[in-house]
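Below is one structure, written out as structure tokens, with a few remarks after it.
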Amino acid sequence: MIEYNFDGIVGPTHSYAGLSPGNLAATRHAGQAANPRAAALQGLEKMRFVASLGVGQAVLPPQPRPDVATLRALGFGGSDADVLAAASRDDGLLLRLCSSASAMWTANAATVAPSADTLDARVHFTPANLSTMFHRALEAPTTTRVLRNIFRDPEHFQVHDPLPAHLADEGAANHTRLRTPRASVQLFGWGRQAWPRGGVATPARFPARQAMEASEAVVRRHRLRDGIALLWQQDPGGIDDGAFHTDVLAVGNAHLLLLHERAFVDPTRLLAALRERLGPDFVWVLATEKALPAADAVAAYPFNSQVVSLPSGGLAIVAPIESAENPRAHAFLQRVVAEGAAEAVHFRDVKSSMDNGGGPACLRLRVALTATERAAVGARVFFDDALHADLAAWIERHYRDRLTFADLADPALLVEVRTALDELSGLLGLGSVYDFQRA
Ligand code: SUG
């Protein structure tokens, strides 16, 4: 099995709209002018780097925004231009919500179970409903269609419907798969109960996004073999510190888990449970609050690194440049290498995404595929030099280099986005996945 990192291509309406309470970077940068072209090229450069390590790399497309259909559902009428103008009045919040390029953070696109873990030996996907945040919940229908077009062969893949909204599901951002020669474990982090039964602490300041019952439902639908799933509560204190997803304070791959002591409740008991299932090959590196305050970890995102398996069999870390600039975050990552848990740390610049609270790990959905499964993929999504060149040229052709809130109401932007995405869906061999192509 080879793991492919499906990175989200940053969309043409990339902006800083302050839409996610509890996401401190996004709140801090609200109102900043954006450069969608530079942001998309930065994302592409990260993909090129990861691919150059010999790691599996692929892409997922952006979504059409502004989402005029949702604005119409909210009661705005007339021509598309009328809808945009009306929704931009006052503080324009509804237009900003319906214009976010947030589908770029594909760690939130779905939860994925590789065929090695499932009873029917197929790869299972549950697109995340993202129901805690309005702007993110808009992604689910298109994400489902895109995944169904890429993973369309029913012999190998099952793309489920998103869960009912009451079971809030944030996808793989709260999910890590660990594997040793003895066992594999899928660790599901959850923040609250959809039907509170008492006895569970919840954050005081910020929303807990993932419902426990959503994780339980994903385990059932994915038909995980016995002993694979392990559900664990996120530390509510960590959520209040700004860890809105598990992947803000923890990341794992293969036999390695990097975590902050505020990632999960009772980390000592969690590590003992993992060690019992995974055996002596399981390795972890735990950061204490004293050595690396959660505030530094949330600001610099060392845990939102990608831990990637190299062709040599070793592990490497792809970390955001901000965690090289923060002395305590840097010291933690150096410790990971010094202890021999990883071969190297590579710092990359994804600042455009970081300013909205998304590091390298948020930008990718991990899909582990056998060679047969890979051959069954029905789209041109795997990264190579030719796709890189085509995407770079496509971005240069269609993206603006400056975008403010006022621009979101520009009817020309809507036309530009649709023209660009129509061309992209052809380039990627996706078929008509977008509503505007199907109307
Ligand atoms: O859902 N930011 C995203 C960041 C998602 C990061 N993903 C993971 N941790 N896996 C979110 O909060 C901000 C958009 C804005 O405010 O313009 C935003 O949606």
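Residue numbers (our numbering): 17 to 455.
Don't be surprised by glycine CBs; every beta carbon is placed ideally from N, CA and C.
Please read these numbers as outputs of a predicted model, since none were measured by experiment.
When you measure from the CB of residue 378 to every non-hydrogen atom of ligand 1, does any distance come out below 7 Å?
Answer for residue 378: yes, Cβ within range of ligand 1.
Please state the DSSP three-state secondary structure of residue 262.
In the structure shown, residue 262 sits in a helix (DSSP, three-state: H, G or I).
In terms of alpha-carbon separation, which member of 219, 245, 221 and 223 lies closest to residue 231?
Minimum Cα distance to residue 231 is reached at 245.
How many whole angstroms separate the CB atoms of residue 111 and residue 437, which I take to be in contact at a CB cut-off of 8 Å?
That belief does not hold up - the Cβ atoms of residue 111 and residue 437 are roughly 19 Å apart, past 8 Å.
Hey, is the region 200-220 in contact with the region 247-261, meaning 3+ C-beta pairs nearer than 8 Å?
Segments in contact, yes.
Strictly by DSSP, which residues pair up with residue 325?
Looking at the DSSP assignment, residue 325 forms a beta bridge with 331.
Kindly provide the chain-ordered list of residues whose Cβ lies closer than 7 Å to any non-hydrogen atom of ligand 1.
My final list is 31, 32, 33, 34, 35, 36, 39, 42, 46, 116, 118, 121, 123, 124, 149, 151, 152, 189, 260, 261, 263, 264, 320, 372, 373, 374, 377 and 378.
What are the complete beta strand (DSSP E) segments, minimum 3 residues, inside the region 115-175?
Runs of the beta strand (DSSP E) inside the region 115-175: 126-129, 139-143 and 173-175.
To the nearest angstrom, how far is the alpha carbon of residue 132 from that of residue 139?
Distance between the alpha carbons of residue 132 and residue 139: 8 Å.
Enumerate in chain order the residues of its own chain whose CB-to-CB distance from residue 331 is below 8 Å, with the five nearest sequence positions on each side excluded.
Once the five neighbours on either side are set aside, the close Cβ partners of residue 331 are 269, 270, 272, 323, 324, 325, 357, 358 and 359.
Which word fits residue 81, buried or exposed, when buried means at least 16 other C-beta atoms lie within 10 angstroms of its C-beta?
Residue 81 comes out buried.
Can you give me the Cβ contacts of residue 345 inside the same chain, cut-off strictly under 7 Å, excluding the 5 residues immediately before and after it?
Same-chain partners within the cutoff: 308, 312, 313, 316, 318 and 339.
Out of curiosity, what's the CA-to-CA distance linking residue 33 and residue 413?
Spanning the two alpha carbons is a distance of roughly 25 Å.
Give me the Cβ distance between residue 25 and residue 66, rounded to the nearest whole Å; I'm assuming they're in contact under 8 Å.
Rounded, the Cβ-Cβ distance is 14 Å, inconsistent with contact.
Rounded to whole angstroms, what's the CA-CA distance from residue 210 to residue 39? Just pull it up for me.
Answer to the nearest angstrom: the Cα atoms are 21 Å apart.
Following the continuous alpha helix (DSSP H) through residue 355, name the residue where it begins and the one where it ends.
Segment: none, residue 355 is in no alpha helix (DSSP H) and carries neither H nor E.
Give every residue of the same chain whose Cβ lies closer than 8 Å to the Cβ of residue 85, excluding the five residues on either side of it in the sequence, and list them in chain order.
The answer, listed in chain order, is 451.
How far does the alpha helix (DSSP H) with residue 236 in it reach, from first residue to last?
Start and end: 228-237.
Label residue 263 either buried or exposed according to how many other C-beta atoms from any shown protein chain fall within 10 Å of its C-beta, with 16 as the threshold for buried.
So residue 263 counts as buried.
Going by C-alpha to C-alpha distance, which of 347, 121 and 240 sits closest to residue 129?
Measuring from the Cα of residue 129, the nearest candidate turns out to be 240.
Would you check if the region 135-152 and the region 198-206 touch, i.e. whether three or more CB-CB distances between them fall below 8 Å?
Verdict: no, contact absent.
Sort 440, 421 and 405 by Cα distance to residue 116 and report the nearest one.
When only C-alpha atoms are compared, the closest one is 421.
Does residue 64 come out as helix, strand or coil in the three-state DSSP assignment?
Three-state result, residue 64: helix.
Going by C-alpha distance, which of 377, 44, 385 and 50 is nearest residue 137?
Nearest C-alpha to residue 137: 385.
Do three or more CB pairs link the region 165-180 to the region 273-288 at distances below 8 Å?
Touching, no.
May I have a chain-ordered list of the beta strand (DSSP E) segments no shorter than 3 residues that lie completely inside the region 382-453?
DSSP runs (the beta strand (DSSP E)) wholly in the region 382-453: none.
Checking the sheet assignment: what are the DSSP bridge partners for residue 360?
Paired residue(s): 332.
So, helix, strand or coil for residue 185, using DSSP?
Three-state result, residue 185: coil.
I need the boundaries of the alpha helix (DSSP H) containing residue 369, first residue and last residue.
Unbroken alpha helix (DSSP H) run through residue 369: 367-370.
Identify the continuous beta strand (DSSP E) that holds residue 19 and give its terminal residues.
Start and end: 18-24.
Mind reading off the beta-carbon distance from residue 379 to residue 72? Whole number of angstroms is fine, and I expect it under 8 Å.
In fact, because the Cβ distance is near 15 Å, the residues do not count as touching under 8 Å.
Go to residue 72, then tell me how far its beta strand (DSSP E) extends in each direction, as first and last residue.
72-76 is the extent of the beta strand (DSSP E) around residue 72.
First and last residue of the alpha helix (DSSP H) that includes residue 374?
No alpha helix (DSSP H) contains residue 374, which DSSP labels as neither H nor E.
Since I believe residue 154 is in contact with residue 114 (beta carbons under 8 Å), could you give me their beta-carbon distance rounded to a whole number of angstroms?
Yes, they are in contact, since the Cβ atoms of residue 114 and residue 154 sit about 7 Å apart, within 8 Å.
Can you list, in chain order, the residues of its chain whose CB lies under 6 Å from that of residue 193, leaving out five sequence neighbours each side?
If we look at residue 193 and ignore the five residues flanking it on each side, its Cβ neighbours are 202.
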